[in-house]
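Numbering (my numbering), first residue to last: 71 to 346.
Ideal Cβ placement from N, Cα and C applies to all residues, glycine included.
Okay, so here's the structure we're looking at.
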């Protein structure tokens, strides 16, 4: 991070990086995503899954393993040379899907649950053990809907009150799948990235998604999640099935593997990681 990016991320809990994917890389990722979307569910490779019934988005599970153009987007930055990839799903937001209620946030003191997400700064560095990267493959314009966040909420000392901002988005049983909204109340930020942009958030930032307005286009983004390699219990010792791992390059397998804090992965010694 640059000093400016580090300050902004620490202050707000998110970063919007523009034009991260250049023309050729973006086109390859877009084409790969389209091939996955066009694949009949019964022909999806083992270890991958298409779920069109899940609330809020159409899910394309383990999309990062579908094609090398998507696998190549995995990162090692922002993890102090202790990276671990824990998931990589393609999400497609279409008109008619319900509002995605605000969620995430700080769930309480770490002493109550040592495995929960944490955020702090130590020695001039951000200490965040749950990072989410949204790689946007399509454009989002103001008024379209899409990602909303509560800036600075990763430092909140109180639970998010569900009666605030969108009180009808929850029922007594959880999410209200009959609720739709495109409103952006004061205090809520609607992030509108363009294709090739990347939005980074701490999972501790309270976030959600407005109902998607356009009927003639969708919102596509690859969601890559990272934690520190030594957070092996909370992330699970083996996050990916043998079928998924068989599709991955050695560099990605190392990136996804748990390891002790003292272990230095080979990929962190490479200035630019190239998949073999």
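- Taking every protein chain shown into account, the CB of residue 299 has 16 or more other CB atoms within 10 angstroms, so this residue is buried.
- Between the alpha carbons of residue 311 and residue 117 lies a gap of roughly 6 Å.
- DSSP places residue 162 within a strand segment (E or B) once states are collapsed to three.
- Residue burial annotation: residue 154 is buried, with at least 16 other C-beta atoms found within 10 angstroms of its C-beta.
- With a 10 Å radius around the Cβ and a threshold of 16 neighbouring Cβ atoms, residue 333 comes out exposed.
- Distance between residue 77 and residue 221, taken at the CA atoms: about 13 Å.
- Secondary structure of residue 190 (DSSP, three-state): strand.
- Taking a contact as a CB-CB distance under 8 Å, the pair residue 127 and residue 250 does not count as one, their CB atoms being some 14 Å apart.
- One thing to note: residue 289 has its Cβ within 9 Å of the Cβ of residue 208.
- Look at the stretch 79-108 and you find these whole runs of alpha helix (DSSP H), each 4 residues long or longer: 93-108.
- Non-local beta-carbon contacts of residue 240 in its own chain, meaning distances under 7 Å to residues more than five positions away in sequence, involve 171, 232, 246 in chain order.
- Taking 4 residues as the minimum length, the alpha helix (DSSP H) runs contained wholly in the stretch 290-323 are 302-305, 312-315, in order along the chain.
- The stretch 255-267 and the stretch 208-217 touch, with three or more beta-carbon pairs separated by less than 8 Å.
- Annotation for residue 114: 120 place their beta carbon closer than 7 Å to its own, counting only its chain and skipping 5 residues before and after.
- Residue 115 carries a coil assignment under DSSP once its states are collapsed to helix, strand and coil.
- The criterion of a C-beta distance shorter than 9 Å is satisfied by residue 160 and residue 103.
- Taking every protein chain shown into account, the CB of residue 111 has fewer than 16 other CB atoms within 10 angstroms, so this residue is exposed.
- In the same chain as residue 336, and ignoring 5 residues on each side of it, the C-beta atoms closer than 7 Å to its own belong to 324, in chain order.
- Closest option to residue 165, judged by alpha-carbon separation, among 276, 283, 301, 308: 283.
- Contact annotation: residue 86 and residue 269 have beta-carbon atoms nearer than 9 Å.
- Rounded to the nearest angstrom, the Cβ distance from residue 205 to residue 294 is 7 Å, consistent with a contact under 8 Å.
- Put simply, of 98, 124, 150 the residue whose alpha carbon is nearest the alpha carbon of residue 141 is 98.
- Residue 204 has 269, 293 as its beta-bridge partners, per DSSP.
- Per DSSP, reduced to three states, the secondary structure at residue 237 is helical.
- In the three-state reduction of the DSSP assignment, residue 75 falls in the helix class, which pools H, G and I.
- The three-state secondary structure of residue 139, taken from DSSP, is helix.
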